[in-house]
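Q: Heads up: the sequence shown is residues 5 to 684, going by my numbering. Have a look at the structure that comes next, please.
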Amino acid sequence: MKQKILRWLGLEHQSPYVKNHFYATNMRSSIYMSVVVIVLEIWMIIRMSRMWFRGELPNPFSYYLEKYYINYFLLLGAGIVMLVYSLLYIAGKTKYRRVGKTLLYAFSFICIYFGIKISVGDYTKGEQMLTFLTMELFTVCLLVWRPVVGFLILTVSYLVYLYKISGLVPVSGAYSVLHDLGDLTPEEAYEKLQAVNASSGLSDATKINLFTMWLSTLLFCISNYHKTLSQALKDESLEEANRRLSDASIMDELTGIHNMFYFRTEAEKIVGYVTTDRENIVFLYFDIENFKYYNEKYGFQAGNTLLRDVAKLIEETFPGSLVSRLSDDHFVVLTKHEGSMERIKSLSHKIHGYQKDLHLELKCGAYRPVGEDADLDPSVACDRARFACNSVKRRYEQHFQQYDKQLEQRLRLKQYITNNLDAAIENGYIEVFYQPIVTTEDSSIVSLEALARWRDPTHGLLPPGSFIEILEEHRQIHKLDQCIIEQVCRDYREAADKGLAFAPVSLNFSRLDFELCDIVGFLETMAETYRVPREYLDVEITESALTDQQGFLQAALTRLRQAGHKVWLDDFGSGYSSLNVLKDYQFDVLKIDMKFLSGFSGNQKTRPILNNIVSLTRQLNMISLTEGVETQEQFDFLRSIGCERVQGYLFSKPVPLSTLRELIADGKLTIAQEYAQVTE
Ligand code: C2E
Ligand code: MG
Ligand code: MG
């Protein structure tokens, strides 16, 4: 209620928006008001001066100067000042609100003063009071005042006017008095008149008229105020809604920092400025590694808090730079290259503080738009920084990478591989190459290793090095291995049907095959479908595959051996080698890694090591096989120490089956007698 009364009176607190609205409305009204005032006053001045020149005015000039000219010029001057100021305000050239307000009050005061002054003069002459009323209407109705202010202006001005005119003109019985003046001198007549007026006062009709005018102007003033106020409040809420809408379009709701829409538009502006040193800018892309697990482990609430903290940290670390959240746990920054490395390091360090028992790691990719293929388009730049960032993901020791062209090519190929494996299998782009494995006894082929190749129409013949790891990373390796198993089985069936040569094939299995599908079951199904004897299908497992989930793999390997397959240990000694593997698992063949042969002629230690491995293999009832044999010298040595089988370029590179057959037919390779013709 109190609030309502205060509002009605115009005494409530107004928001800056509403105040501004009133101010602007008044400034616009002042333009009309001052123009009318200026035109009128100029006209009045001209009119009076013309009458004076024509000698139509009875009194001396000083009389008119004091009574009229001064007032005309005063109002004209005020009108001009007001007009100039309000025009400047509308044009946005002035922002001194206090000056404007003072001018407005002064102008209004002068208008009312003028109205009273002129009307009093007119009234004395027995004419009308229109000037006063016009000025009142002008000031109180054209401008918007708070009701109390309007009330004060109106009441005070009406009272002053009343005071001024009361007793000036005879009212009750005025005419009879005038008639009785007879031969009195003017001074005597005036005095008499005053005396009569003093006793008579204003007529009731005049009082009522003035009161009605006062009241109606006041009511108009109040209703004008409320109309403008409700418009201002409506506009304010509209503007607020608009502001919220536009905020939502540029702010990230979760973290409160800017979003990508804002980043792109601002980054475009920044790189476009003439003053921007383009050589010294860098786009950074941040990604929190293992954030997904953090979310899973501690819940979304905690995850969101972490994102907010990280956003804040990034903003603090790169003050004055453009910082935005791209999506999820990905942030982008446009900043100066100079000093950025130190900042990234310190940020990384701070993020470490958030690790609980998870390994949270801030990864960063950077792109500097310099050099030949510099691209300043913010979307492209962020994409490149992201490329760089993605290249260090899951790399324990590396946290930062700067973008370069080769990196992009590598990453594009990576993307291509993950996206196109299914199509490649369907279109027959995945091929099996066979590399012969020979005995050291007579160099005849006793086995073949099946090695995958991807013959791509756009990228050419891809070696496994460019796709195995990627497929493992994206957990798609089992699809490839299943495809190889089927092709090998098909090749066997074809050879058997045609009575051609074919040796037992060793297949490379990935550790993930056992997790992602029932690879043993699949192998059995294929062997049955294509009627392949189990001793023709061996399985190679790398020692690194055996480092975890031992129980799981143990069972799978036992199943394989029970089904009649031989299981080989591949790449023995390649890195994670542990003799425990030999203790815990049973293998039929031990494949000694080619690394042992790399420094064969120079390194004196190689020979005794190989010698020992071979004799250990023998003691453990396994067949020894050394891969990567490239020279006769290596072959002779391996033979001399009793290594039973070898594989390497000395005999043949991995080749398609047809090529292998040609090599055998040409006598360049021999195949063990028992495999010269498969008939089953
Ligand atoms: P791996 O099983 O150790 O295969 C032997 C690799 O050594 C083959 O490389 C072969 O071309 C290469 N090699 C053989 N002899 C020599 C030699 O004398 N000198 C040199 N420098 N290299 C020789 P490739 O074909 O590039 O295969 C690389 C690796 O990719 C393989 O290593 C294997 O781990 C994996 N891989 C190949 N095919 C498949 C597959 O179908 N499935 C799975 N899971 N992995 C596969
Ligand atoms: Mg292998
Ligand atoms: Mg190997």
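Backbone N, C-alpha and C fix where the C-beta goes; we use that ideal spot for every residue, glycine too. Just so you know, these numbers come straight off a predicted model, no measurement behind them.
Can you determine whether any heavy atom of ligand 3 sits closer than 8 Å to the C-beta of E544, and answer yes or no?
A: Correct: E544 has its Cβ closer than 8 Å to ligand 3.
Q: Sorry if obvious, but does the Cβ on P658 come closer than 8 Å to a heavy atom of ligand 1?
A: Yes, Cβ of P658 sits closer than 8 Å to a heavy atom of ligand 1.
Q: Which residues in the same chain have their Cβ closer than 7 Å to the Cβ of K301, if we skip the five residues on either side of it in sequence?
A: Closer than 7 Å at the Cβ level, and outside the excluded window around K301, lie L362.
Q: Where do the ends of the alpha helix (DSSP H) carrying Y167 lie?
A: That run of the alpha helix (DSSP H) goes 151 to 169.
Q: Should N308 be labelled buried (16 or more other beta-carbon atoms within 10 Å of its own) or exposed?
A: N308 should be labelled exposed.
Q: Can you look up T443 in the DSSP assignment and give me helix, strand or coil?
A: T443 falls in the strand class under three-state DSSP.
Q: Using only the heavy atoms of ligand 2, determine whether one of them is closer than 8 Å to the beta carbon of S578.
A: Outside the cutoff, so no.
Q: State the start and end residues of the unbroken beta strand (DSSP E) segment that holds H334.
A: Here the beta strand (DSSP E) through H334 covers 334 to 340.
Q: Under 8 Å from any heavy atom of ligand 2, does the C-beta of S510 make it?
A: At least one heavy atom of ligand 2 is nearer than 8 Å to the Cβ of S510, so yes.
Q: Hey, A236 and H25 are a contact pair by Cβ (cut 8 Å); roughly how many whole angstroms apart?
A: About 4 Å separates the two Cβ atoms, so the contact holds.
Q: What separation, rounded to the nearest whole angstrom, lies between the Cα atoms of R515 and L504?
A: For R515 and L504, the distance between alpha carbons rounds to 33 Å.
Q: Comparing alpha-carbon positions, which option in P64, E320, H341 lies nearest K354?
A: Ranking P64, E320, H341 by Cα distance to K354 puts E320 first.
Q: So I49 is in the alpha helix (DSSP H); what residue range does that whole segment cover?
A: I49 -> alpha helix (DSSP H) spans 20 to 57.
Q: So V152 packs on L13, CB below 8 Å; how close in whole Å?
A: The pair is a contact, with the Cβ atoms about 5 Å apart (cut-off 8 Å).
Q: From this set, E453, Y72, F118, L147, which residue's C-alpha is nearest S161's C-alpha?
A: Comparing Cα positions, the closest option is F118.
Q: Give the range of the alpha helix (DSSP H) segment to which T533 is assigned.
A: Segment 523 to 533, the alpha helix (DSSP H) holding T533.
Q: Tell me which same chain residues have a C-beta within less than 8 Å of the C-beta of W218, skipping the five on either side of it?
A: For W218, where only same-chain residues beyond five positions count, the Cβ hits under 8 Å are L158, T159, Y162.
Q: Are R329 and T339 closer than 9 Å when you measure CB to CB?
A: Cβ distance not < 9 Å, so R329 and T339 don't count as in contact.
Q: Would you mind sorting P612 into buried or exposed? The rule is 16 or more other CB atoms within 10 Å of its CB.
A: P612 is exposed by the Cβ-count criterion.
Q: Express the C-alpha separation of D575 and K595 in angstroms, rounding to a whole number.
A: Answer to the nearest angstrom: the Cα atoms are 6 Å apart.
Q: Are the CB atoms of E528 and A567 within a distance shorter than 9 Å?
A: The answer is yes: Cβ separation under 9 Å.
Q: Please classify Q651: does DSSP put it in a helix, a strand, or coil?
A: Reduced to three states, the DSSP call for Q651 is strand.
Q: What residue range does the alpha helix (DSSP H) around P88 cover?
A: For the record, residue 88 in the displayed sequence is Val; it is not Pro. From DSSP, the alpha helix (DSSP H) with V88 extends over 74 to 94.
Q: Take the Cβ of I688 as the centre, count every other Cβ of all protein chains shown within 10 Å, and call the residue buried at 16 or more, exposed below.
A: Lying outside 5 to 684, the shown extent of the chain, residue 688 is not represented and no answer is given.
Q: Determine the direct distance from the alpha carbon of S170 to that of G177, and round the result to whole angstroms.
A: For G177, the predicted model reports a pLDDT of 43, less than 50, meaning its position is unreliable; a value from the coordinates is still stated below. C-alpha separation (whole angstroms): 15 Å.
Q: How would you label D291, buried or exposed, when you count the other beta carbons within 10 angstroms and need 16 or more for buried?
A: Result: buried.
Q: For the stretch 595 to 653, list the beta strand (DSSP E) runs that are entirely contained and at least 3 residues long, ordered along the chain.
A: You should have 627 to 631, 649 to 651.
Q: According to the neighbour-count rule (16 or more other Cβ atoms, all chains shown, within 10 Å of its Cβ), is P467 buried or exposed?
A: Exposed.
Q: Whose C-beta lies closer than 8 Å to the C-beta of W572 among residues of the same chain, with five residues either side of it excluded?
A: Answer for W572: S510, D542, V543, E544, I545, F591, D592, V593, L594, K595, L629, listed in chain order.
Q: In whole angstroms, give me the CA-to-CA distance for Q558 and L455.
A: Distance between the alpha carbons of Q558 and L455: 24 Å.
Q: Less than 8 Å between the CB of E346 and some heavy atom of ligand 1, yes or no?
A: False, no ligand heavy atom lies under 8 Å from that Cβ.
Q: Compute the beta-carbon to beta-carbon distance between A378 and V286, rounded to the nearest angstrom, for a pair I have assumed lies under 8 Å.
A: Not really, about 12 Å apart at Cβ, beyond 8 Å.
Q: Which of helix, strand or coil does DSSP assign to F471?
A: Looking at F471 - three-state DSSP - the assignment turns out to be coil, as it is neither helix nor strand.
Q: For Y36, which residues in the same chain have their Cβ closer than 8 Å to its Cβ, ignoring the five residues on either side in sequence?
A: Answer for Y36: L146, listed in chain order.
Q: Answer with buried or exposed for H478, where buried requires no fewer than 16 other C-beta atoms within 10 angstroms of its C-beta.
A: Answer is exposed; the Cβ neighbour count stays below 16.
Q: Just tell me which of L561, T674, L411 has its CA closest to the CA of E445.
A: Minimum Cα distance to E445 is reached at T674.
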